[in-house]
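K.L.:
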Amino acid sequence: MSWTNIGLAVAQGYAEAGADVAIWFNGNLEAHTRAEEISAQYGIRCVAYKCNVKNYDDIKATVGSVQRDFGKIDIFVANAGVDPELVTDGSPALWEDIITVNYTSVVSCAAVIGPVFRSQGHGKFIATASAAGHNAVRGCYSSLYNSLKAGVRTFCSSLAYEWADFAHVNSVSRGCGFSTLTLETTAKQSSSFTAGYFGDGMGATDKELNHAYSQTVLGRFGGYHELKAAYLFLASDASSFVTGSDIVLKLTGGSVVDGGYSI
0 MSWTNIGLAV AQGYAEAGAD VAIWFNGNLE AHTRAEEISA QYGIRCVAYK CNVKNYDDIK
60 ATVGSVQRDF GKIDIFVANA GVDPELVTDG SPALWEDIIT VNYTSVVSCA AVIGPVFRSQ
120 GHGKFIATAS AAGHNAVRGC YSSLYNSLKA GVRTFCSSLA YEWADFAHVN SVSRGCGFST
180 LTLETTAKQS SSFTAGYFGD GMGATDKELN HAYSQTVLGR FGGYHELKAA YLFLASDASS
240 FVTGSDIVLK LTGGSVVDGG YSI
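If you're matching positions, the sequence shown starts at 0 in numbering that gives the first Met the number 0 and goes up one per residue.
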C-alpha cells in the first residue's frame, strides 16, 4: 500500500493488529523511516518498497519482491491517488496522469495480485475510493477525479464477482479530512469557500474554518487514523460475508452529506 496519509494510518492499524506490512512509495524516501518506526513500535515486520504504480511491470516486480520477502500476501490495499484538477485547467497529459494514478493503477494492481490470491485460495483486495465518487461535493468538484473514484467503486463491485471463488474485493469511500492531498488541492484552488471547506490553514480564515466545522455533527473534520477501522474490518475474518461492497466514511462526523455542501 502507499504509505502517506490513509496508507500510513492503515499500515499502522494492521501492525497494531499484529500483521506484517509492506508499504509502497514512489518518491518519498521517508517511507523507509516510517517502516522502521512501525516495526519498532508494534514488534512486527514492516518493509518499504519503491514502486511506480503507473507502471504495470513495476507493480508486478514489486509484488514479486514482497512475495519472496514475506512468503505470502493475504491483503492488498490499492491506495495511490493524486490531487484533482479542473478539466478546463488541465491538459491531455495531465488528465492521463490523473487517470493512470487514480484508476488504472487500481486495475493494474488487481491484475497482478489476482493470480496470487487465486493460487493461495484466499485474499482480500481493498481499494480507496471517495465519497466524491458518490455525489458532487463543493470543495472537491473535479469532475475527472470524482468520476474516476466512482469507477474504482464500480470496478471493485464487479471484480468481486470475478474473484468470488478465491478472494474478497471491497472499497472504502472516504470523505474530506486533513491530508497532504487536501492541502495541495486547497493551495491550488482560489475560492475561500473551498479553503474553508477543507480547512487546512492555507488560505482559510478562522471564520471559514469554524463555519465548515459547524456543518458537522462533531464540530470538526476527521483524521485519517479514524479511517483504519474500516480497512481492518475488510481485512479481517469479521468481513467473511462482505464482498463487492463499498464502505462510505464521511470524515465530517456523521453528516449525511459532507458538511452539508453537496448537491
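We put the CB at the ideal spot given by N, CA and C, even for glycine. All values reported here derive from a predicted model rather than from experimental measurement.
What would DSSP say about valine 216, mapped onto helix, strand or coil?
P.N.:
It is coil, neither helix nor strand.
K.L.:
What span of residues does the beta strand (DSSP E) with threonine 127 cover, start to end?
P.N.:
Looking at the DSSP string, the run of the beta strand (DSSP E) that includes threonine 127 is 123-129.
K.L.:
With a cut-off of 8 Å on the beta carbons, I'd call lysine 53 and threonine 99 a contact; round off their distance for me.
P.N.:
So it is a contact: roughly 5 Å between Cβ atoms.
K.L.:
What does the Cβ neighbour count give for tryptophan 23, buried or exposed, with the cut at 16 atoms within 10 Å?
P.N.:
Classification of tryptophan 23: buried, given that the 10 Å Cβ count is 16 or more.
K.L.:
Using the Cα positions of arginine 44 and cysteine 155, report the straight-line distance between them to the nearest angstrom.
P.N.:
Distance between the alpha carbons of arginine 44 and cysteine 155 is about 29 Å.
K.L.:
Helix, strand or coil, according to DSSP, for alanine 77 in the structure here?
P.N.:
In this structure, alanine 77 counts as strand in the three-state DSSP scheme.
K.L.:
For my contact list, valine 86 and serine 172 are in at a C-beta cut-off of 8 Å; report their separation, rounded to the angstrom.
P.N.:
Rounded, the Cβ-Cβ distance is 22 Å, inconsistent with contact.
K.L.:
Could you tell me which residues DSSP puts in a beta bridge with valine 263?
P.N.:
Residue 263 falls outside the range modelled here, since the chain spans only 0 to 262, and no answer is possible.
K.L.:
In chain order, what residues of the same chain have a beta carbon less than 6 Å from the beta carbon of leucine 233, not counting five sequence neighbours either side?
P.N.:
Excluding sequence neighbours, leucine 233 sits near Ile125, Asn169.
K.L.:
Span of the beta strand (DSSP E) holding leucine 158?
P.N.:
Not the beta strand (DSSP E): leucine 158 falls in the alpha helix (DSSP H), residues 142-161.
K.L.:
Buried or exposed for lysine 71, please, with buried defined as at least 16 other CB atoms from any protein chain shown within 10 angstroms of its CB.
P.N.:
Lysine 71 should be labelled exposed.
K.L.:
Under 8 Å by Cβ, that's how I've got alanine 79 and aspartate 245 pegged, so tell me the actual separation to the nearest angstrom.
P.N.:
The pair is not a contact, with the Cβ atoms about 18 Å apart (cut-off 8 Å).
K.L.:
Can you tell me whether arginine 152 is buried or exposed, with buried defined as 16 or more other CB within 10 angstroms of its CB?
P.N.:
Buried, by the Cβ-count rule.
K.L.:
Assess contact between the region 27-38 and the region 88-103, defined as three or more Cβ pairs (one per stretch) separated by less than 8 Å. Is contact present?
P.N.:
Short answer: they don't touch.
K.L.:
State yes or no: is the C-beta of tyrosine 223 within less than 9 Å of the C-beta of asparagine 25?
P.N.:
No.
K.L.:
Reducing DSSP to helix, strand and coil, say where histidine 167 ends up.
P.N.:
It is a strand residue.
K.L.:
Below 8 Å, how does it come out for the region 228-243 and the region 11-21: are there three or more Cβ pairs, yes or no?
P.N.:
At 8 Å Cβ cutoff, the stretches touch.
K.L.:
My assumption, with CB atoms under 8 Å, is that phenylalanine 165 sits in contact with phenylalanine 220. Please give the rounded CB distance.
P.N.:
That pair is no contact at about 38 Å.
K.L.:
Going by C-alpha distance, which of Ser239, Phe240, Asp19 is nearest phenylalanine 69?
P.N.:
Of the candidates Ser239, Phe240, Asp19, the one whose C-alpha sits nearest the C-alpha of phenylalanine 69 is Asp19.
K.L.:
For tyrosine 160 versus serine 107, is the C-beta spacing smaller than 9 Å?
P.N.:
No, Cβ-Cβ distance for tyrosine 160 and serine 107 is not below 9 Å.
K.L.:
If contacts are defined as beta-carbon pairs under 8 Å, then lysine 123 and isoleucine 58 qualify, I think. What distance do you get, rounded to the angstrom?
P.N.:
That belief does not hold up - the Cβ atoms of lysine 123 and isoleucine 58 are roughly 18 Å apart, past 8 Å.
K.L.:
Exposed or buried, which one is glutamate 268 when buried takes at least 16 other CB atoms within 10 Å?
P.N.:
Any property of residue 268 remains undetermined from this structure, which presents the chain solely from 0 to 262.
K.L.:
Quick one: measure Cβ to Cβ for threonine 242 and histidine 167, integer angstroms, because I've assumed they're closer than 8 Å.
P.N.:
Yes, they are in contact, since the Cβ atoms of threonine 242 and histidine 167 sit about 4 Å apart, within 8 Å.
K.L.:
Drop a sphere of 10 angstroms on the beta-carbon of lysine 275, count the other beta-carbons inside from all chains shown, and report buried for 16 or more, exposed for fewer.
P.N.:
The displayed coordinates of the chain run from 0 to 262. Any statement about residue 275 would go beyond what the structure contains.
K.L.:
Please classify asparagine 145 as buried or exposed, where buried requires at least 16 neighbouring CB atoms within 10 angstroms.
P.N.:
With 16 or more Cβ atoms within 10 Å of its Cβ, asparagine 145 is classed as buried.
K.L.:
On a CA-only basis, which of Asp82, Ala39, Val81, Ala47 is nearest valine 65? Give me that one, please.
P.N.:
Closest option to valine 65, Cα to Cα, is Ala47.
K.L.:
According to the neighbour-count rule (16 or more other Cβ atoms, all chains shown, within 10 Å of its Cβ), is valine 216 buried or exposed?
P.N.:
When all chains shown are included, valine 216 counts as exposed.
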